[in-house]
Each structure stands twice: as C-alpha cells, then as structure tokens.
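A.B. asks:
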Ligand code: GLC
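Numbering (the working numbering), first residue to last: 6 to 759.
1. Please classify residue 402: does DSSP put it in a helix, a strand, or coil?
2. Report whether the distance from the Cβ of residue 162 to the nearest heavy atom of the ligand GLC is below 7 angstroms.
3. With DSSP as the reference, please indicate the residues paired to residue 88 in a beta bridge.
4. Which of helix, strand or coil does DSSP assign to residue 513?
5. Within 10 Å of its beta-carbon, does residue 731 have 16 or more other beta-carbons around it, so buried, or fewer, so exposed?
6. Three or more beta-carbon pairs under 8 angstroms between the segment 127 to 134 and the segment 91 to 111, yes or no?
7. Pull the bridge partners of residue 743 from the DSSP assignment, please.
8. Give the DSSP-derived three-state secondary structure of residue 236 in the structure shown.
9. If I'm right that residue 174 touches residue 223 with Cβ under 8 angstroms, what's the distance once you round it to whole angstroms?
10. Measure the Cβ-Cβ separation of residue 124 and residue 436 and say whether it is below 8 angstroms.
11. Please report the straight-line C-alpha distance between residue 110 and residue 269, rounded to a whole angstrom.
12. Helix, strand or coil, according to DSSP, for residue 30 in the structure here?
13. Relative to the C-alpha of residue 522, which candidate in 37, 487 and 506 has its C-alpha closest?
14. To the nearest angstrom, how far is the alpha carbon of residue 340 from that of residue 738?
15. Please return the same chain residues whose Cβ sits closer than 8 angstroms to the Cβ of residue 753, not counting the five positions on each side in sequence.
16. Hey, would you say the C-beta of residue 403 is under 7 angstroms away from at least one heavy atom of the ligand GLC?
17. Below 8 angstroms on the Cβ atoms is my guess for residue 178 versus residue 429; work out the distance and round it to an integer in Å.
18. By Cβ distance, which residues of its chain are closer than 8 angstroms to residue 586, with the 5 residues on each side in sequence left out?
19. Assuming residue 257 and residue 271 form a contact by the criterion Cβ under 8 angstroms, report the distance between their Cβ atoms to the nearest whole angstrom.
20. Whose C-beta lies closer than 7 angstroms to the C-beta of residue 706 among residues of the same chain, with five residues either side of it excluded?
21. Is the beta carbon of residue 396 closer than 8 angstroms to that of residue 238?
22. According to the Cβ coordinates, are residue 825 and residue 416 closer than 8 angstroms?
23. Excluding the 5 residues preceding and the 5 following residue 276 in the sequence, name in chain order all residues of the same chain whose CB lies nearer than 8 angstroms to its CB.
24. From what residue to what residue does the alpha helix (DSSP H) around residue 196 run?
25. Output yes or no for whether 8 angstroms exceeds the beta carbon distance between residue 698 and residue 592.
26. Just tell me which of 226, 229 and 183 has its CA closest to the CA of residue 244.
27. Spatial neighbours of residue 407 within its chain, please: CB distance less than 7 angstroms, with the 5 preceding and 5 following residues excluded, ordered by chain position.
28. Please classify residue 170 as buried or exposed, where buried requires at least 16 neighbouring CB atoms within 10 angstroms.
29. Give the DSSP bridge partners of residue 715, in chain order.
30. For residue 100, which residues from the same chain have a beta carbon less than 7 angstroms from its beta carbon, with the 5 sequence-adjacent residues on both sides left out?
31. Helix, strand or coil for residue 138 per DSSP?
32. Hey, quick one: how far does the beta strand (DSSP E) through residue 698 stretch, first residue to last?
33. Give me, in chain order, the residues of the same chain whose beta-carbon lies closer than 8 angstroms to that of residue 302; leave out the 5 immediate sequence neighbours on both sides.
34. What residues in its chain sit with their C-beta under 6 angstroms from that of residue 354, if we drop five residues either side in the sequence?
35. Among the residues of its own chain, which have a CB less than 8 angstroms from the CB of residue 759, if the five just before and after it don't count?
36. Could you pull the start and end residues of the beta strand (DSSP E) that residue 290 belongs to?
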C-alpha cells in the first residue's frame, strides 16, 4: 500500500515538472511561418505548449466589458476563443493581448450567433427553407459573414441543422424544417456562404453545424428535453444534413443539450469519434453548447463538474463553452491519468487546424471595410428578395390576390408595424429601426396605394379588444382588409416552446370581427413556426404565410400583395390542423393499418355507432388523418400543369442511373416560379421505409404560357439507406416515384432496382 502511494506521488511530481515546463520543441517559430504546411505548423506549436496552454486553447469564455480577469486569462494563454464580443475595437483589444502579451501569441477565434443575418436580417431559417432555393440561403450567409467580419466576428454558430417535426418546439424557427434532403441542401449552401471559397478569405467566417445531434426531436416539443432516436433513424434522417455539411467543409460542430437514449450529446463518444471523425472524416473542432458539459451533472450523467470535464474530453469534445470547466479541471485530470495527454493534444490540433486554416495568425484583427457593407443597398435588396421568395401562399379564393393598385386597403393587425417582432428570433445585432414593416412600405415606396391603418391590437398577445370597433370601421371605409397577425419574436426560438399553437391573444376574434364587415380579407401571418389556423381560414379569402421575414419583410410582402412578384414558397414543414396531431410529417412510415382516403370523423358519427363501424386504421376521430397543409405545399398567382412523366427505363441495375423527365407548363395569367419536387417510395426494405422521401427539387421560372422539359437523375446512392444491418446501401426492389408541386400531388410512375 505504502509503495503505491509513493509511486502515485512520484508520478504527480514528475508530471508536474514535465507537463508545466514549456516543452523544448523545435527552436524558432516555424508555426508562425505561413509558407509552411498547416500540419507542420500545428506540430511545431504543439511541441512548444505547456499543458496549461493546451487546455487554455480548449476554453471558450463569454465576453463582458472591462473584464480584467478575462484579459488576464487571455494573457496567460488560458482562452482559445471568446464569444459575444462585437465591434472591431473590443475584438482587436483582446486579440492584441493574445498576439502580443501571451507567451506563444496564439490568436483568438471570435464566436457569435449570426443565424439569419448580422445587421441586415434575412427571413428566419425556416423561412429561407420555404424558398427551396439554396442560392438564397448561401447569399444570406455570405452577406451575414461580410457584415459580421467587419465587427470582428470570425466564427458563427450556424447553420442550425436540427430536423424538426414538432411546431411546439420554439427552435423550429431556427431550423430548416422536417426534411433531411431539403435541410442538407440548404445547410451545405449556408456553409459555403459563411466560409466562402476559402476559410482564410477576408470576408469568410467559420461555420458551426448545430446542434449535434437529434436536438429537434425533444420529447413533447419541449426544449432541452430528452430524445430517443434509434440509430437507423438517426442515420437516415437526423444526421443527413450534418454529414452533407461536413462534406461541404464546415469548420466546426456544436454538441447539443439533449441526452439521446440516455447519453448527453457532449459526452457521446460513439457519435463524436466513430461517426463524426472515423466515418465522416471531420477534421475541424467540436465545441459544446452553452454549459452543456456542466449540465451533465444535472442530467445525472456526471458525478460532479470535474467528472463532466473528464467525460466530455475523453469523448472527443474539443472546446468547452462558457463555464471554464476544461480550464479548471483538465490539467489535474491529465496529471491524475484520467484524461490521456493524447486526448488534449488531439483537441488542440483540431482547434489550431481551424485557426491556421482561417489565416488568423496572419490576419487576426478586424478590418472595417470602407465603405462599410452593413445595410448596403445590395444587402437590403438581397434580404428583400429572400423574403419575397420565402413567403408561402396558402389560400387565394376568387383570386383576391394580387390586389389592384387602385384598391383602397384597411391595414389592420399587431404585425402590420412590428419593427422588432418582424425580425424574428436570434437577432443579436440587427436594429429594429432599420426594419421596413408593411406600414412603413406603404408610407414610403408604396405611398401611391390608398390605405387606412388601424392596428386593432397592440401586439400578438394583446387581449384588449377595445380598438376592434375602429378596426372594423376602417375596413368598412376600404375596398379590402389586409390583416397582419402572427407571433411576437419572443414566442419562438430557444426555450420558447408552446403547447397551444392557435393565434395567440385575441387575434382570431379580431379577424372574425373584420370579416363581418363584408369586404375581402387578406390575411398575412408572420410567425416563427407553423400555427394551427384551421379555425381562422374561413375568415380570410387569401392567406400569405411569411415566417418572420426580416429587415425588408414589409417591402417584400407589398411586392407580393400588389403583384410585383408572384408567391413561390413551399412549406418546409407540415401544418397540422390541431396541436394534438403532432408529430405529423410527410415522410412517415405506412404502419400496418394506414387510414383509407376517406375516414368517418366525429361529426359524422351516428349515435350508438357499432364498435367496428369505423374500421381499425390509424387516424384521429376528431381531426382525421391529414394535416391542414402538407410539406411542399404552396400556391402561386398562376397555375402549373405537369405532363409526360417518363423514366429512361422500367428497371435499372445498381451501377446505372435512372433519368426522369417531365414537362411543366405555366397555364395561368401570371409569370411565376414552381418548386418541382421529386419523391420516391421504396416499397419494401430490410426496415420499413417512409411512404415518401424528397430526393430532388428544382425551382423553375416560367412565363405565362411557357413550357419546359425538366430532367432529373437518380442512382443507387440516392436510394441507399441504413437498413437492418446498419450499413448504408440500396436494396433491390420496387420503387414508386412522383414529380409534382407538393408532397401530396404529382404524376406517378414506378421502376425496379435490380
Ligand atoms: C445557446 C444555443 C446555441 C448558441 C449558444 C451560444 O444556448 O443553444 O444555439 O449558439 O448558446 O449562444
């Protein structure tokens, strides 16, 4: 026993001596030589670092102004990254300490949530997803990166790639919707937009894929709740956008708050090592989400903070956000032999690899562009275009829209002039004063339109109906009512889950009162999520859904209402009739008892109906089997006709490709854009397969009367999935294929994979 203690003391003393002395690496500063290969620079720098300097790089601290302790830590090489410092002056002050006052002069990486714009705010990501245009997502990210870099931010915690099938979850606003193929296409585009052609570009910022992994499946749609996603569902749905975005070159990944199947993501070594590193070849670094390491104590997965640091480091988490646990505990965990120094070295290599790739050693300081690009005409125009292309027309009876310029409109509702709320969630730096609301658009660019404005309610949660009378009178004086309803920004986003998705406050009552004035009613909804608007639809002749459209949303909505542009968005997420239908999504399994096309619902039930009279299939007695609006749905002012669906062959072998051809015609009176969607169904698999899966989409502009032949190609790789053996492969068999304008319409064909 005594010998053991002596041995342990000796090991501790010796390791203290060796690990704390500056390592006698190669002389000189090869790591500062930009002409040397990055891996050599990493090796050289690592060889010079003490254990404390290494764990310092693994530590990300939150900024607070005039924080002497923070500056001291940077000087001591105890911080690798700072988040939430904005502004060239503050950033450069901290960077200068790191470069000039610390022993090795390792620059800081400066992180910030630049989710859908920095100053110029684009539609929330769920809105951008509704455009079905990766170019829009890329452009938004590029503009956000350009503006953020001017303020010293060189790393954003975006794109958020959490597949979400639950509108109760507030962060659905930040997501790219329910479909893995759409989210993967847009997520990869955002990575390209943020990171540009090279991470070291003057206006590039490092992207961060979040939240790895499965966070959007929070039980009950309640944020931070547990998820229970089996591996095949993880690989076939939830991980698809992450893998595609890693392949697009994303620099970093952020672990999520949730425990999946009992293991918190920040300590899930299978996902962080086996999947992310070994299978996907990810070479960047992984950062924890805010305090998610420390929260493993609260989860009941770590005995204490030190244990949490040990579990995460050994699982492959490279950088710890905000709580300083790595800084505090990793040196002693290494000395105690509980965390191998190789784990530390690997983490530091990953972090340094990104810093060298970003050119931070060469260009560490924020350089303000002259003239600044912030709120530039080009940026605002791009944000307006994105908002136009993201809006979804859900209803347009009797072609109420587009409105005639001569139409006198009554502008009503709490979202008609909501400068902050129109921007949506995750807006840290955008300024509401720059928001062009619908009312502001009418007071400026659209000042030739006759209108009368009566909000009727002050904000979405308002329950004071005393101004309803003046709103109704305004409608009586006008030719039509344009009613702006929806959600304040605070009602979606992180930690903002809802169990009731009806229009909040007295908005539905206002809409019904307005309709009784007897004029056409156009309803515009600005929200961060799909709302349950079933009961509101009868009071609106037309419904335009604009997921919090950002700085230029008002101008965009006017462009659409008065026909300068035709709505072209499609739903990136299912709109349910009732919150009780959730989760309901298009790419579901068939079950053994799918409901028939027509089901008997509760209002049709005879008294004392026989037990077996309703059949035994999967649907709701009250709300039936269908959503209100399906994934991929959206109207235009014009109409489109699909014809001549042809496959290149009735069967293909695994090494062959299938070509699919279809003719699309604009059969209406307006020019317009259609999102042509291609879905497949794998009829039989080693595990049950979804009834439909989106595999291609293409947004096509057609002038009135114009036709175009469109072609798509599919190969085995597009049909492959993780089956029973959890190996990705395509399985022979029979496939259905649809091409159309939503997940429930389209021309159908079939083929066999041999
Ligand atoms: C938050 C969010 C994450 C964000 C991080 C830094 O809690 O979950 O998305 O990037 O903390 O702000």
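Beta carbons: idealized from backbone N, C-alpha and C, even for Gly.
C.D. replies: In this structure, then:
1. In the chain shown, counting from the first residue as 1, residue 402 sits at position 397. Reduced to three states, the DSSP call for residue 402 is helix.
2. Stepping through the chain shown from its first residue, residue 162 is reached at position 157. Flag set: Cβ of residue 162 near the ligand GLC.
3. Counting from 1 along the chain shown, the entry for residue 88 is found at position 83. DSSP output for residue 88 lists 67 and 116 as bridge partner(s).
4. The sequence position of residue 513 within the chain shown is 508, counting from 1. In this structure, DSSP gives residue 513 a helical state, which the three-state scheme calls helix.
5. The residue you call residue 731 lines up with position 726 of the chain shown. It is exposed - the Cβ of residue 731 has fewer than 16 other Cβ atoms within 10 Å.
6. no
7. Along the chain shown, one-based indexing puts residue 743 at 738. 684 and 753, per the DSSP bridge assignment.
8. Reading the chain shown from its first residue, position 231 is the one you call residue 236. Reduced to three states, the DSSP call for residue 236 is helix.
9. Within the chain shown, residue 174 is the residue found at index 169, counting from 1. Within the chain shown, residue 223 is the residue found at index 218, counting from 1. Correct: roughly 6 angstroms between the Cβ atoms.
10. Counted from its first residue, the chain shown places residue 124 at position 119. Counted from its first residue, the chain shown places residue 436 at position 431. Cβ atoms of residue 124 and residue 436: closer than 8 angstroms.
11. For this step, residue 110 is matched to residue 105 along the chain shown. For this step, residue 269 is matched to residue 264 along the chain shown. Near 35 angstroms, if we compare the C-alpha coordinates of residue 269 and residue 110.
12. For the purposes of this step, residue 30 is identified with residue 25 of the chain shown, where counting begins at 1. Confidence in residue 30 is poor, its pLDDT being 45 and thus under 50, which makes the residue's placement too unreliable to answer from.
13. Here the question's residue 522 lines up with position 517 in the chain shown. For residue 522, the nearest C-alpha among the options comes from 487.
14. Indexing the chain shown from 1 puts residue 340 at position 335. Indexing the chain shown from 1 puts residue 738 at position 733. Straight-line Cα distance between these residues: approximately 57 angstroms.
15. Here residue 753 corresponds to residue number 748 of the chain shown, with the count starting at 1. Cβ neighbours of residue 753 beyond the five flanking positions: 650, 741, 742 and 743.
16. The count along the chain shown starts at 1 and reaches residue 403 at position 398. No.
17. In the chain shown, residue 178 corresponds to position 173, counting from 1. In the chain shown, residue 429 corresponds to position 424, counting from 1. With a Cβ gap of about 6 angstroms, residue 178 and residue 429 count as contacting.
18. Here the question's residue 586 lines up with position 581 in the chain shown. Hits under 8 angstroms: 625, 628 and 632.
19. Taking the first residue of the chain shown as 1, we reach residue 257 at position 252. Taking the first residue of the chain shown as 1, we reach residue 271 at position 266. Going by Cβ atoms, the distance from residue 257 to residue 271 rounds to 14 angstroms, so no, they are not a contact pair.
20. For the purposes of this step, residue 706 is identified with residue 701 of the chain shown, where counting begins at 1. For residue 706, where only same-chain residues beyond five positions count, the Cβ hits under 7 angstroms are 678.
21. By 1-based counting over the chain shown, the position of residue 238 is 233. By 1-based counting over the chain shown, the position of residue 396 is 391. Not in contact: residue 238 and residue 396 (Cβ atoms no closer than 8 angstroms).
22. It is not possible to answer for residue 825, since the shown part of the chain is limited to 6 through 759.
23. In the chain shown, residue 276 corresponds to position 271, counting from 1. Answer for residue 276: 217, 218 and 270, listed in chain order.
24. Counted from its first residue, the chain shown places residue 196 at position 191. Per DSSP, the unbroken alpha helix (DSSP H) holding residue 196 starts and ends at 185 to 200.
25. Taking the first residue of the chain shown as 1, we reach residue 698 at position 693. Taking the first residue of the chain shown as 1, we reach residue 592 at position 587. A contact, by the Cβ cut-off of 8 angstroms.
26. The residue given as residue 244 occupies position 239 in the chain shown. When each option's Cα is compared against that of residue 244, the closest is 183.
27. The sequence position of residue 407 within the chain shown is 402, counting from 1. If we look at residue 407 and ignore the five residues flanking it on each side, its Cβ neighbours are 566, 567, 568 and 642.
28. To locate residue 170, count along the chain shown from 1; it is residue 165. So residue 170 ends up on the buried side.
29. Here residue 715 is taken as the residue at index 710 of the chain shown, counted from 1. Bridge partners of residue 715: 667.
30. Position 95 of the chain shown, counted from the first residue, corresponds to residue 100. So the list reads 112, 113, 369 and 370, once near-sequence residues are dropped.
31. Reading the chain shown from its first residue, position 133 is the one you call residue 138. Residue 138: coil per DSSP, three-state reduction.
32. For the purposes of this step, residue 698 is taken as residue 693 along the chain shown, with counting starting at 1. Run containing residue 698: 698 to 707, per the beta strand (DSSP E) assignment.
33. The sequence position of residue 302 within the chain shown is 297, counting from 1. The beta carbon of residue 302 sits closer than 8 angstroms to those of 308, 309, 310, 312 and 313, all from its chain and outside the five residues before and after it, given in chain order.
34. Locating residue 354 in the chain shown gives position 349, where the first residue counts as 1. So the list reads 47, once near-sequence residues are dropped.
35. As a first step, residue 759 is located in the chain shown; it is residue number 754 there, counting from the start. Answer for residue 759: 656, 657, 658, 659 and 737, listed in chain order.
36. Indexing the chain shown from 1 puts residue 290 at position 285. Unbroken beta strand (DSSP E) run through residue 290: 290 to 292.
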